[in-house]
Amino acid sequence: MEGQKTIFQLLLIFLGIALTTTGFGHEPWLLTAEQIQLLHTQPNPTLFTQLTLFNSLIGLSALLGVMIWIIIHWYFPPQHQSQTHAQPWISFVLRLGAGVMLILLSLGLLPRSGVPYFAESTMLAPEFLLSHIPQSWAFLQWMELTLGIGLVLGLWTRFFAFIFLLFMVLCCSLYGHGVLQYCGFYLGITYYLLTQGGGKFALTQSAPSPLAVSPRRAFLILQILTGINFIYSAITIKLFQPNLDIAILTLNQAFTFGIPYEYFVFMMLITEIIFGLLIILGWRLRLISILLLVLFVFLSIDVSENLLAHSFIYGILAAFFITAGVPLIQKK
Numbered sequence: 370m371e372g373q374k375t376i377f378q379l380l381l382i383f384l385g386i387a388l389t390t391t392g393f394g395h396e397p398w399l400l401t402a403e404q405i406q407l408l409h410t411q412p413n414p415t416l417f418t419q420l421t422l423f424n425s426l427i428g429l430s431a432l433l434g435v436m437i438w439i440i441i442h443w444y445f446p447p448q449h450q451s452q453t454h455a456q457p458w459i460s461f462v463l464r465l466g467a468g469v470m471l472i473l474l475s476l477g478l479l480p481r482s483g484v485p486y487f488a489e490s491t492m493l494a495p496e497f498l499l500s501h502i503p504q505s506w507a508f509l510q511w512m513e514l515t516l517g518i519g520l521v522l523g524l525w526t527r528f529f530a531f532i533f534l535l536f537m538v539l540c541c542s543l544y545g546h547g548v549l550q551y552c553g554f555y556l557g558i559t560y561y562l563l564t565q566g567g568g569k570f571a572l573t574q575s576a577p578s579p580l581a582v583s584p585r586r587a588f589l590i591l592q593i594l595t596g597i598n599f600i601y602s603a604i605t606i607k608l609f610q611p612n613l614d615i616a617i618l619t620l621n622q623a624f625t626f627g628i629p630y631e632y633f634v635f636m637m638l639i640t641e642i643i644f645g646l647l648i649i650l651g652w653r654l655r656l657i658s659i660l661l662l663v664l665f666v667f668l669s670i671d672v673s674e675n676l677l678a679h680s681f682i683y684g685i686l687a688a689f690f691i692t693a694g695v696p697l698i699q700k701k
């Protein structure tokens, strides 16, 4: 328990550091570099810079909802299944989601706006183009493809997870703080695979490792990192750069149930923060994963985004559905 508390404190420190940086999330996938540069020169709507009746009511309602959620589950906690029983399937969906994402990116099958299919290989996400770094790093395309294939097949999963960790470090050094938009998701997946192995249908079964921890603890770290990433993305993009999302909705004439785009983006901001908090708390993640999947699919279709562009997140949501979560806090 003490170890989990220390890890949680370190993750909070990471979040504090991360929030002082800038990034764009998936918005560069759907906007050109010229559009993003122009949008950066425009002031943010007052809804995101000043207290108004609308944002105050939405924020207070969200806070009240989270408090009620905590109280209900504190006094009436749901039953959670054993992570040991679910572990093989969790490893399978995590490596499948991350592996498919890496394969598609390396082959140029998830291009950002304005880039044709197969024209550009990208690292970790569609905005990190291989052509934007020195030619000496061209081998990263094949490294990414190999990683993706290795994860999908379950070949020496712990080894490939370690290489994936090094790959992320390289991408951070080459592309800067923007990579932080994805680090929580990918680190959570990497940590789980490093400690638990390949799981179901892996071609090579992992030998016992000194890195192994209990499946429950590994899943808790996955929850915390995923929740932090959702909160980080919401704050750094939808709060600090809302014009990007407003522009995406406007350009695609997106359906928002009659809600003005500015207000819809603010509601997305609050919703993403709420989901991040609920994921960290770890209660009823089966329900939360279904709701998030519906939102991802709806928004992807609404803004003409490739449905496979969030494959790595789908893997995490599948893991949440399988195990239903590990409570961060609970009555003894």
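With the numbering used here, letter number 150 in the sequence shown gets 519, and the count goes up by one each step, no holes.
Where a beta carbon is used, it is the ideal one built from N, C-alpha and C, also for glycine.
Note that this is a predicted model, so its numbers are computed, not measured.
In the three-state scheme derived from DSSP, where H, G and I count as helix and E and B as strand, L478 is classed as coil.
A check of alpha carbon separations from L416 across F633, L589, D671 identifies F633 as the nearest. For T415, the three-state secondary structure derived from DSSP is helix.
DSSP lists no beta-bridge partner residue for T605.
Relative to A455, the option among P696, V672, G568, A530 whose CA is nearest is G568.
For F681, the closest of T418, G596, G466 by C-alpha to C-alpha distance is G466. Counting C-beta pairs closer than 8 Å gives three or more between the segment 522-534 and the segment 556-573, which meets the contact rule. Inclusion of I615 and E641 in the CB contact set at 7 Å is not warranted, their separation being larger than that value.
Nearest to F635 by C-alpha distance, out of A623, N612, F624, G645, is N612.
Around the beta carbon of W652, a 10 Å sphere encloses 16 or more other beta carbons of the protein chains shown; the residue is thus reported as buried. DSSP places L498 in the strand class (E or B) of the three-state scheme. About 7 Å separates the beta carbons of F689 and R655, which is inside the 8 Å limit, making them a contact pair. About 17 Å separates the beta carbon of Q504 from that of S475, a gap too long to meet the 8 Å contact definition.
For E403, the uninterrupted alpha helix (DSSP H) segment begins and ends at 402-409.
It is roughly 15 Å from the alpha-carbon of V582 to the alpha-carbon of V695. Between the segment 435-444 and the segment 541-553 there are fewer than three inter-stretch CB-CB distances shorter than 8 Å, so the stretches are not counted as touching.
DSSP places T559 in the helix class (H, G or I) of the three-state scheme. Per DSSP, reduced to three states, the secondary structure at T491 is strand. Secondary structure of L514 (DSSP, three-state): helix.
Taking a 10 Å sphere around the C-beta of G557, we find 16 or more other C-beta atoms and assign the residue as buried. Taking C-beta separations shorter than 6 Å and ignoring five residues to either side along the sequence, the partners of S490 in its chain run S475, G477, L499, Q510, following chain order. Between A431 and I648, the gap from beta carbon to beta carbon reaches 7 Å or more.
Annotated three-state conformation of Q504 is helix, per DSSP.
Per the coordinates, the alpha-carbon of G684 lies some 38 Å from the alpha-carbon of T421. Counting the other Cβ atoms within 10 Å of the Cβ of N424 gives 16 or more, which makes it buried.
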